[in-house]
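Colleague: Questions regarding the structure given below will be posed in turn.
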Amino acid sequence: MQTDEVREKTNKSKIKTLRIRVFGIVQGVGFRPTVSRHAVKNHIKGSVSNTGPYVEIWAQGEETDLRNFCQGVREKPPERAVILKMHVEDTFPDVEVLPDFDTFSIIESEKKTGDIFVSPDIAICSKCKQEMYDKTNRRYLHPFINCTCCGPRLTILDAMPYDRERTSMAEFPMCEQCEWEYTHPQTRRYDAQPVCCNECGPEVYILSSTGTSDLSDGAAQKQTVEPVRIVGKHSKQAECGTRNNTVHHCVGPEAIRLVRRVISQGGIAAIKGIGGFHLCCDATNEAAVMLLRNRKRRPVKPFAVMMRDMEAVERECRVSAAQEGILDGHQKPIILLERKEGGRICPAVAPGNPKIGVMLPYAPIQLLLFDYDDEITMPDCLVMTSANTSGAPICRDDADALRELGGLCDVILSHNRLIRIRADDTVMDFFRGEPYMIRRSRGYAPLPFMLSESWKGEVLAIGGELKNTFCVGKNALFYPSPYIGDMGDVRTVRALEESVERMTRLLEASPALVACDLHPDYNTTAVAEKMGLPVLKIQHHYAHILSCMAENDWNAPVIGVAFDGTGYGVDGTIWGGELMVADYDGFVRKASITPFLHVGGDIAAKEGWRIAVSLLDEIYGEEEACHLDVGWILCTEQEARILCRLRERRVKAVV
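Position 628 of the sequence shown, counting from 1, maps to 630 under the working numbering, and the rest follow consecutively.
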């Protein structure tokens with residue numbers, strides 16, 4: 003018989019140690035708790051930690067157990083994880099003494115350098131939704147419910163690695179029950195950084211800066227809504243008044259009920275979500291939608307609609323299986339869907355447009371707008387458009403909301419979880435059954451594009467003047483930012499500068515060069531030039547072709563076709579409709595649309611009727627052109643005459 007000492011030596015000789023590094027979206031998605039569960043299942047001892055660039059696992063066990071453990075980590079990661087690379091070592095020349103583990107544990111994150119992958123924000127999962135509407139659950143109707151599979155990520159993150167103390171949830175100490183869930187592997191919230199409940203989490207409240215109120219339960223009438231004026235300060239003691247000037251607290255459930263009442267009676271609410279504020283009203287109420295259009299000075303541009311569930315979507319729109327899969331997935335973008343005849347959504351939502359931008363609720367507070375514990379009947383389709391004044395970025399905090407939204411809405415529902423970086427909604431369309439991006443933002447940014455070229459270096463591409471998105475390039479990884487907006491407003495320029503600073507810090511990038519548009523008068527060009535870095539100016543349409551090459555990881559020369567409108571040319575003229583032979587080193591312009599006068603300069607690129615009037619004048623002469631302009635409802639005769647004069651005299655007219 004073997005002695006106990008011999009048996010122990012024999013068992014130890016079978017034990018191997020592995021160091022595993024997992025790269026990809028493996029932070030903020032419950033990866034470490036999942037690794038811990040795989041370890042327990044396969045009798046593995048060791049540790050797992052976030053390092054910033056990757057998750058590092060030390061695993062000790064018998065060879066068969068280690069093989070099964072590695073297979074489990076690779077093939078059964080958390081639902082929201084994306085493993086891009088998994089490096090397994092069994093020799094460690096950089097380690098003097100191998101650790102000897104008694105158990106498997108999640109340990110404090112150890113900061114290391116390397117590639118960084120920041121998780122986008124993730125829509126509420128089905129399990130959290132079920133818990134939120136379970137009256138026996140302690141998170142019943144909790145506006146901030148989340149778990150390792152869902153909740154805010156990028157928008158609350160201060161720095162990597164992704165741990166609670168480096169997020170805006172750090173200021174909310176966990177209660178005893180939440181802390182138990184956070185620290186025990188058998189729970190769904192094991193190591194879920196934003197975990198909280200009704201007792202210890204953020205709170206919603208009604209926001210106002212005024213000292214009087216004319217609000218009562220019946221103050222907001224259908225189609226004729228008096229502005230709500232709420233009393234109080236930004237605090238847990240925020241208050242709202244009533245018509246008889248009595249005062250009561252308006253926090254939590256009462257605040258949500260108030261907002262639901264305002265919306266149901268034809269009013270407009272501003273609501274703080276994950277990446278910023280939305281303006282919201284009843285999408286089935288023509289008067290309410292027109293009120294929002296008038297206040298926002300947005301006469302025809304379509305509004306996005308948030309629908310309660312897929313039943314409402316299928317009633318209002320034609321939707322394919324592929325569209326439904328993305329619409330109801332964990333990213334929940336806005337998707338442009340064909341409208342059905344006879345639906346409930348009013349024409350003012352998207353005047354003259356056969357499509358509607360549709361999304362499903364992705365934040366708990368949005369679900370609570372549709373269904374709550376009260377007697378209020380809510381529509382199942384709500385306009386949900388970015389809360390901002392014309393030209394400004396989406397409002398992010400209470401100061402923004404008070405400054406920008408007072409004249410646009412009747413009530414503001416805010417909360418005290420800080421948004422670190424704006425993230426507007428992603429917009430997507432389908433072509434030939436395949437999805438394509440119109441605006442890549444919440445749910446997708448800042449997931450990087452990976453190129454196969456082994457490039458080295460760091461660069462910032464500051465983005466275009468309209469519909470701005472910037473990009474941080476770090477070696478062969480390219481991280482697009484969330485959507486920023488149009489740069490014609492100084493507030494959006496400030497938002498761009500703030501977002502660049504935060505993104506480069508999160509990604510630990512120190513750009514050695516900044517790329518910008520060739521146009522000398524763009525605000526983005528000015529931002530680039532004042533950063534104190536070498537500036538590389540790129541022709542607008544060549545930049546579009548380069549982005550298509552990078553998105554598809556294409557390294558060979560291409561014939562590039564760019565028909566996105568106008569861009570400043572290398573010869574100082576306006577280019578548009580370009581055919582180029584291009585690669586990453588440069589381009590040759592082979593063909594283009596014949597140049598023509600842009601009356602009004604850059605504004606002609608935004609107001610296409612000006613270009614049409616100019617071209618008709620060139621083709622037919624002034625008299626016939628004016629007749630056509632009026633007949634085709636391009637403009638009035640007076641406007642046509644003015645443009646013809648400007649064109650003739652070459653005043654505010656450029657080629």
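Using N, Cα and C, we set each Cβ at its ideal position, and we do this for glycine too.
1. So, for ALA607: in the same chain, excluding its five sequence neighbours on each side, which residues have a beta-carbon less than 6 Å away from its beta-carbon?
2. Less than 7 Å between the beta carbons of PRO450 and TYR481, yes or no?
3. Is THR66 helix, strand or coil by DSSP?
4. Where does VAL302 land, buried or exposed, given buried means 16+ other C-beta within 10 angstroms?
5. Secondary structure at PHE119, three-state DSSP: helix, strand or coil?
6. Find the nearest neighbour of ASP102 within the set GLY534, ILE46 and ARG398, judged by alpha-carbon distance.
7. Between the Cα of PRO381 and the Cα atoms of VAL315, PRO522 and VAL321, which residue gives the shortest distance?
8. Hey, quick one: how far does the beta strand (DSSP E) through ILE328 stretch, first residue to last?
9. Mapping the DSSP letters down to three states, classify PHE174 as helix, strand or coil.
10. Do SER49 and SER107 have their C-beta atoms within less than 7 Å of each other?
11. Please state whether the Cβ-Cβ distance between LEU515 and LEU535 is less than 7 Å.
12. Does DSSP classify PRO437 as helix, strand or coil?
13. Enumerated in chain order, which unbroken segments of the beta strand (DSSP E) with a length of 3 residues or greater are wholly contained in the region 273 to 326?
14. Rounded to whole angstroms, how far is the Cβ of LEU362 from the Cβ of LYS334, which I believe are closer than 8 Å?
15. Just checking, does the region 391 to 401 make contact with the region 277 to 284 on the three C-beta pairs under 8 Å criterion?
16. Measuring straight from C-alpha to C-alpha, what distance separates ALA83 and VAL28?
17. How should ASN52 be labelled, buried or exposed, when 16 other C-beta atoms within 10 angstroms of its C-beta is the threshold for buried?
18. Are the beta-carbon atoms belonging to ALA403 and ILE414 less than 7 Å from one another?
19. Report buried or exposed for LEU538, applying the criterion of at least 16 other Cβ atoms within 10 angstroms of its Cβ.
20. Using only CA atoms, which one of MET308, HIS89, VAL583 and GLU639 lies nearest to MET386?
21. With a 10 Å radius around its C-beta and 16 neighbouring C-beta atoms as the bar for buried, classify VAL99 as buried or exposed.
22. For ILE158, count neighbouring Cβ atoms within 10 angstroms of its own Cβ and tell me buried if that reaches 16, exposed if not.
23. Whole angstroms are fine: how far does the CA of GLU110 sit from the CA of THR471?
24. Less than 8 Å between the CB atoms is what I'm expecting for LYS137 and LEU369, so what's the real figure, rounded?
25. Rounded C-beta distance between LEU617 and VAL572? I'm assuming under 8 Å.
26. Just reading off the beta strand (DSSP E) that GLU580 is part of, what are its end residues?
27. What residue does the beta strand (DSSP E) around SER416 start on, and which one ends it?
28. Just reading off the beta strand (DSSP E) that HIS332 is part of, what are its end residues?
29. Just the C-alpha distance for GLY2 and ARG507, rounded to the nearest angstrom, thanks.
30. I'd like the list of long-range same chain contacts for LEU630, defined as Cβ closer than 6 Å, with 5 residues on each side in sequence excluded.
31. Looking at C-alpha atoms only, which residue of GLY603, LEU636, GLU460 and ASP123 is the closest neighbour of GLY275?
32. Would you report the Cα separation of SER388 and TRP60, rounded to the nearest angstrom?
33. What did DSSP end up calling GLU205 once you bin it into helix, strand or coil?
34. Return yes when the Cβ of PRO204 is within less than 7 Å of the Cβ of HIS417, no when it is not.
35. Where LEU453 and MET551 are concerned, what is the direct C-alpha to C-alpha distance, given to the nearest angstrom?
36. Report the three-state DSSP secondary structure of GLU641 (helix, strand or coil).
Modeller: If we stick to the structure as given:
1. Here the set comprises GLY567 and THR568.
2. Yes, these two residues count as a Cβ contact at 7 Å.
3. In the three-state reduction of the DSSP assignment, THR66 falls in the helix class.
4. When all chains shown are included, VAL302 counts as exposed.
5. In this structure, DSSP gives PHE119 a state outside helix and strand, which the three-state scheme calls coil.
6. Minimum Cα distance to ASP102 is reached at ILE46.
7. Nearest of VAL315, PRO522 and VAL321 to PRO381, Cα basis: VAL315.
8. ILE328 -> not in any beta strand (DSSP E); alpha helix (DSSP H) instead, spanning 323 to 329.
9. In this structure, PHE174 counts as coil in the three-state DSSP scheme.
10. Between SER49 and SER107, the C-beta spacing is below 7 Å.
11. Yes, these two residues count as a Cβ contact at 7 Å.
12. It is a strand residue.
13. Listed in chain order, they are 279 to 284 and 306 to 309.
14. The beta-carbon separation of LEU362 and LYS334, rounded to 5 Å, stays under the 8 Å limit for a contact.
15. Contact holds: three or more Cβ-Cβ distances are below 8 Å.
16. Near 5 Å, if we compare the C-alpha coordinates of VAL28 and ALA83.
17. ASN52 sits buried, since 16 or more C-beta atoms from the chains shown fall within 10 Å of its C-beta.
18. Yes, Cβ-Cβ distance for ALA403 and ILE414 is below 7 Å.
19. Of the residues assessed, LEU538 falls on the exposed side of the cut-off, its CB having fewer than 16 other CB atoms within 10 angstroms.
20. With distances taken between Cα atoms, MET386 lies closest to MET308.
21. It counts as exposed.
22. By the neighbour-count rule (16 or more Cβ atoms within 10 Å), ILE158 is buried.
23. Rounded to whole angstroms, THR471 to GLU110 spans 34 Å at the Cα level.
24. That pair is no contact at about 15 Å.
25. 24 Å between Cβ atoms; not a contact.
26. Counted as a single uninterrupted DSSP element, the beta strand (DSSP E) harbouring GLU580 occupies residues 576 to 585.
27. For SER416, the enclosing beta strand (DSSP E) stretches over residues 413 to 417.
28. For HIS332, there is no enclosing beta strand (DSSP E), as DSSP marks it with neither H nor E.
29. Outside the shown range of the chain (3 to 657) lies residue 2, about which nothing can therefore be said.
30. Cβ neighbours of LEU630 beyond the five flanking positions: LEU618.
31. When the alpha-carbon of GLY275 is set against those of GLY603, LEU636, GLU460 and ASP123, the nearest one is in ASP123.
32. If I take the Cα positions, the gap works out to 45 Å.
33. DSSP places GLU205 in coil when its eight states are reduced to three.
34. A contact, by the Cβ cut-off of 7 Å.
35. Taking the CA atoms as reference points, LEU453 sits about 10 Å from MET551.
36. Three-state DSSP puts GLU641 in a helix.
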